[in-house]
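Visitor:
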Amino acid sequence: QKEVEQNSGPLSVPEGAIASLNCTYSDRGSQSFFWYRQYSGKSPELIMFIYSNGDKEDGRFTAQLNKASQYVSLLIRDSQPSDSATYLCAVNMSGGSQGNLIFGKGTKLSVKP
Amino acid sequence: EAQVTQNPRYLITVTGKKLTVTCSQNMNHEYMSWYRQDPGLGLRQIYYSMNVEVTDKGDVPEGYKVSRKEKRNFPLILESPSPNQTSLYFCASAGQGTTGELFFGEGSRLTVL
Numbered sequence: 002q003k004e005v006e007q008n009s010g011p012l013s014v015p016e017g018a019i020a021s022l023n024c025t026y027s028d029r030g031s032q033s034f035f036w037y038r039q040y041s042g043k044s045p046e047l048i049m050f051i052y053s054n055g056d057k058e059d060g061r062f063t064a065q066l067n068k069a070s071q072y073v074s075l076l077i078r079d080s081q082p083s084d085s086a087t088y089l090c091a092v093n094m095s096g097g098s099q100g101n102l103i104f105g106k107g108t109k110l111s112v113k114p
Numbered sequence: 005e006a007q008v009t010q011n012p013r014y015l016i017t018v019t020g021k022k023l024t025v026t027c028s029q030n031m032n033h034e035y036m037s038w039y040r041q042d043p044g045l046g047l048r049q050i051y052y053s054m055n056v057e058v059t060d061k062g063d064v065p066e067g068y069k070v071s072r073k074e075k076r077n078f079p080l081i082l083e084s085p086s087p088n089q090t091s092l093y094f095c096a097s098a099g100q101g102t103t104g105e106l107f108f109g110e111g112s113r114l115t116v117l
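For the record, the sequence lines run as chains Z and Y.
Here our numbering = 1-based position in the first sequence + 1.
Here our numbering = 1-based position in the second sequence + 4.
(1) With which residues is E58/Z paired in a DSSP beta bridge?
(2) Tell me whether the beta-carbon of K57/Z lies closer than 8 Å to the beta-carbon of M49/Z.
(3) Using a C-beta to C-beta distance shorter than 8 Å, which residues of chain C count as neighbours of S44/Z?
(4) Identify which residue in K21/Y, F78/Y, I16/Y has its Cα closest to the Cα of N55/Y.
(5) Taking Cβ positions only, does M54/Y come closer than 8 Å to chain Z?
(6) What is the DSSP secondary structure of Q29/Y, counted as helix, strand or coil?
(7) So the beta strand (DSSP E) E6/Z belongs to, where does it begin and stop?
(8) Output needed for S86/Y: all residues of its chain with C-beta closer than 7 Å, excluding positions within five of it in sequence on either side, in chain order.
(9) Report the neighbours of G30/Z on chain Y: residues whose CB is nearer than 9 Å to its CB, in chain order.
(10) Can you give me the start and stop residues for the beta strand (DSSP E) that D60/Y sits inside?
(11) Determine the DSSP secondary structure at N88/Y, reduced to helix, strand or coil.
(12) Could you tell me whether the segment 11-26 of chain Z touches the segment 81-95 of chain Y, where touching means 3 or more Cβ pairs closer than 8 Å?
(13) Listing by chain order, which chain Y residues have their CB less than 9 Å from the CB of K106/Z?
(14) Please confirm if Y51/Y has its CB atom under 8 Å from at least one CB of chain Z.
(15) In or out: I77/Z buried (at least 16 other Cβ within 10 Å) or exposed?
(16) When you compare each of G17/Z, Q39/Z, N8/Z, S80/Z to S74/Z by their alpha carbons, which one comes out closest?
(17) Kindly list the residues whose CB is nearer than 7 Å to the CB of Y14/Y, restricted to its own chain and excluding five residues on each side of it in sequence; keep chain order.
(18) Please state the DSSP three-state secondary structure of P82/Z.
This is the structure in structure tokens:
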């Protein structure tokens, strides 16, 4: 069974702090990794994708990938109340076609003013 | 504007009354998929399609049908809806040779009484 695991939270951080969201996946052959943000009742929207080991930065967001540990994380610097949402980790596992992503259940983030 | 369009956005129906949720994308994407999202269970894939006339079951296909007669459309059919199909449904699409990002529709909230 190919799985993506996330801590469901809620993760609560104060405004301005760094929020760290973690995700592990079961398939060692997985190739691509995505972080989506989802506000309550809305559709998921892509924040970042990462393919290679290491860090990838985009504004206040940094995705980190460690394929040996089968671990991917998302750091949000200078967290804002508008970052309060559920963050979904998604993985395209080996043998999966483009777009056939396995999603974790999401981590709910709350940023307190 | 590139988008995935679902209809209806909201629907209340009764047990056993057949319904269809339409999904259309204007990005010429090969891959399309349907998910349902329930509290605590995350996004679960119902069916997916890798191209016209090619469909396959996801994790929770029971009680649903799909068809892919045209590249842009991927309707979800509930032949005899039951209350356990009350959920938030998302259609999504992705293109070959891209990042593999899934583009989501705005969601369809279905209530079966």
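Note that CB positions come from ideal geometry on N, CA and C, so glycine has one too.
A quick note: this is a predicted structure, and the numbers were derived from the prediction, not measured.
Guide: The answer reads as follows:
(1) Numbered from its first residue, the first sequence carries residue 58/Z at position 57. For E58/Z, which the question treats as bridged, DSSP gives the partners T63/Z.
(2) Taking the first sequence and counting its residues from 1, one reaches residue 57/Z at position 56. Taking the first sequence and counting its residues from 1, one reaches residue 49/Z at position 48. Cβ atoms of K57/Z and M49/Z: closer than 8 Å.
(3) Absence of chain C from the displayed structure is noted, the protein chains being Z and Y.
(4) Along the second sequence, one-based indexing puts residue 55/Y at 51. Measuring from the Cα of N55/Y, the nearest candidate turns out to be F78/Y.
(5) Working through the second sequence from its first residue, we reach residue 54/Y at position 50. Answer yes: the Cβ-Cβ gap between M54/Y and chain Z drops below 8 Å somewhere.
(6) What you label residue 29/Y is simply residue 25 of the second sequence in a count that begins at 1. Of the three classes helix, strand and coil, the one that applies to Q29/Y here is strand, per DSSP.
(7) Counted from its first residue, the first sequence places residue 6/Z at position 5. Looking at the DSSP string, the run of the beta strand (DSSP E) that includes E6/Z is 5-7.
(8) The residue you call residue 86/Y lines up with position 82 of the second sequence. Excluding positions up to five away in sequence, the list reads T19, G67, V116.
(9) Taking the first sequence and counting its residues from 1, one reaches residue 30/Z at position 29. Residues of chain Y passing the Cβ test: none, with the nearest at roughly 15 Å.
(10) Within the second sequence, the letter at position 56 stands for residue 60/Y. Here the beta strand (DSSP E) through D60/Y covers 58-61.
(11) On the second sequence, residue 88/Y is found 84 positions in, with the first residue counted as 1. DSSP places N88/Y in helix when its eight states are reduced to three.
(12) no
(13) For the purposes of this step, residue 106/Z is identified with residue 105 of the first sequence, where counting begins at 1. The contacting residues are G44, L45, G46, L47.
(14) Counting from one through the second sequence, the residue named residue 51/Y turns up at place 47. Not an interface residue.
(15) The count along the first sequence starts at 1 and reaches residue 77/Z at position 76. Looking at its Cβ environment, which holds 16 or more other Cβ atoms inside 10 Å, I77/Z is buried.
(16) Reading the first sequence from its first residue, position 73 is the one you call residue 74/Z. Checked all of G17/Z, Q39/Z, N8/Z, S80/Z; the closest Cα to S74/Z is N8/Z.
(17) Residue 14/Y sits at position 10 when you count from the first residue of the second sequence. So the list reads R113, once near-sequence residues are dropped.
(18) Taking the first residue of the first sequence as position 1, residue 82/Z is located at position 81. Helix.
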